[in-house]
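See structure below.
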Amino acid sequence: MADFDPVTKAVVPAAGLGTRFLPATKATPKEMLPIVDKPAIQYVVEEAASAGLLDVLMVTGKNKRSIEDHFDRAYELEDVLEAKGDEHRLSQVREPASLATLHYVRQGEPKGLGHAVLCAKQHVGDHPFACLLGDDLIDRRDPLLQRMIEVRKTFGGSVIALMEVPREQVSLYGVATIEATGEDDVVKVVDLVEKPPVEEAPSNWAIIGRYVLDPEVFTVLENTPPGRGDEIQLTDALRTLAGRETDTGGPVHGVLFRGRRYDTGDKLDYLRTVVRFAADRPDLAPDFLPWLREFLDEVG
2 MADFDPVTKA
12 VVPAAGLGTR
22 FLPATKATPK
32 EMLPIVDKPA
42 IQYVVEEAAS
52 AGLLDVLMVT
62 GKNKRSIEDH
72 FDRAYELEDV
82 LEAKGDEHRL
92 SQVREPASLA
102 TLHYVRQGEP
112 KGLGHAVLCA
122 KQHVGDHPFA
132 CLLGDDLIDR
142 RDPLLQRMIE
152 VRKTFGGSVI
162 ALMEVPREQV
172 SLYGVATIEA
182 TGEDDVVKVV
192 DLVEKPPVEE
202 APSNWAIIGR
212 YVLDPEVFTV
222 LENTPPGRGD
232 EIQLTDALRT
242 LAGRETDTGG
252 PVHGVLFRGR
262 RYDTGDKLDY
272 LRTVVRFAAD
282 RPDLAPDFLP
292 WLREFLDEVG
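According to my numbering, the sequence shown is numbered sequentially starting from 2.
Written out as structure tokens, the structure reads:
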């Protein structure tokens with residue numbers, strides 16, 4: 002097995018404007034919208050930490066200070082809870098600050114996901130890293146990121162998470178042309194296209210928001226012109242790397258993910274995710290599920 006550098010850092014782009022959730026996101030970052038009682042971004046950091054990535058860089062933007070505050074200590078609140086003897090809530094309040102070492106950099110202009118990743122160059126340096134998008138939550142029972150890191154250790158290059166989606170939805174995703182390997186859940190990525198028309202999509206294997214990236218991606222992104230939406234697309238950079246050998250930053254492999262993924266990217270998917278998480282909570286499900294059944298009966 003080749004001796005590829007270990008993956009120890011994670012980058013979490015969180016600079017978007019959240020326009021699909023206005024007016025809620027006028028003053029509150031979309032990443033801080035709660036999934037029941039925990040902001041979505043915390044689930045992402047927990048996932049990185051569970052995979053052993055304890056050095057996490059958040060790429061933020063204007064009006065995102067509440068993200069930093071959430072992952073910091075809140076001594077006055079802690080003192081109040083401690084005085085009340087509320088150990089359960091005290092533990093919940095302290096937990097975010099203990100998950101990982103958090104760093105922050107701002108994306109000055111909204112130039113796309115590729116540009117947001119490029120903002121991490123100085124922090125990451127010449128090392129492979131994971132990139133986790135906050136719109137996608139992966140169930141903790143499905144260790145996708147750990148598997149992707151294993152694939153990077155075996156093959157080098159970059160690794161993307163691929164999930165089969167209905168054909169009519171391919172225009173919402175980056176889509177991969179793939180070739181089989183000797184492993185059932187691993188494919189070689191031959192080509193990529195960002196949000197193709199349905200009739201032009203090479204497959205229905207779509208990129209979801211988990212990447213393990215070779216540091217050569219920074220050099221490629223610096224030379225990648227704006228693509229779809231006049232933004233610098235990470236998919237375009239990965240397409241370049243897919244055609245390269247290991248010594249120049251390639252190739253690109255995909256992990257075929259068949260587990261549980263929850264989308265928070267738009268209002269309908271967000272609501273579905275909240276309901277699913279609530280239904281899976283042992284402290285809520287016994288009361289919530291009977292009410293939900295009654296409500297569904299009422300509305301027909």
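Note that beta-carbon positions come from the ideal geometry of N, C-alpha and C, so glycine has one too.
- Three or more Cβ pairs drawn from the segment 175 to 186 and the segment 249 to 257 lie within less than 8 angstroms of each other, which places the two stretches in contact.
- Between the alpha carbons of residue 140 and residue 151 lies a gap of roughly 18 angstroms.
- By the Cβ-count criterion, residue 30 is buried, with 16 or more other Cβ atoms from all chains shown falling within 10 Å of its own Cβ.
- Three or more beta-carbon pairs separated by less than 8 angstroms are not found between the segment 161 to 176 and the segment 32 to 39, which leaves the two stretches without contact.
- The DSSP-derived three-state label of residue 275 is helix.
- Residues of the same chain with a CB within less than 6 angstroms of the CB of residue 166, apart from the 5 flanking positions on each side, are 205, 207 in chain order.
- Taking residue 68 as reference, the option from 48, 47, 42, 270 with the minimal CA-CA separation is 42.
- When the Cα atoms are used, residue 86 and residue 284 turn out to be separated by approximately 20 angstroms.
- Across the structure, residue 220 and residue 62 are spaced so that their CA atoms are roughly 23 angstroms apart.
- Rounded to whole angstroms, the gap between the alpha carbons of residue 211 and residue 80 is 38 angstroms.
- Taken through DSSP and simplified to helix, strand or coil, residue 144 comes out as coil.
- Nearest C-alpha to residue 237 among 246, 218, 248, 247: 218.
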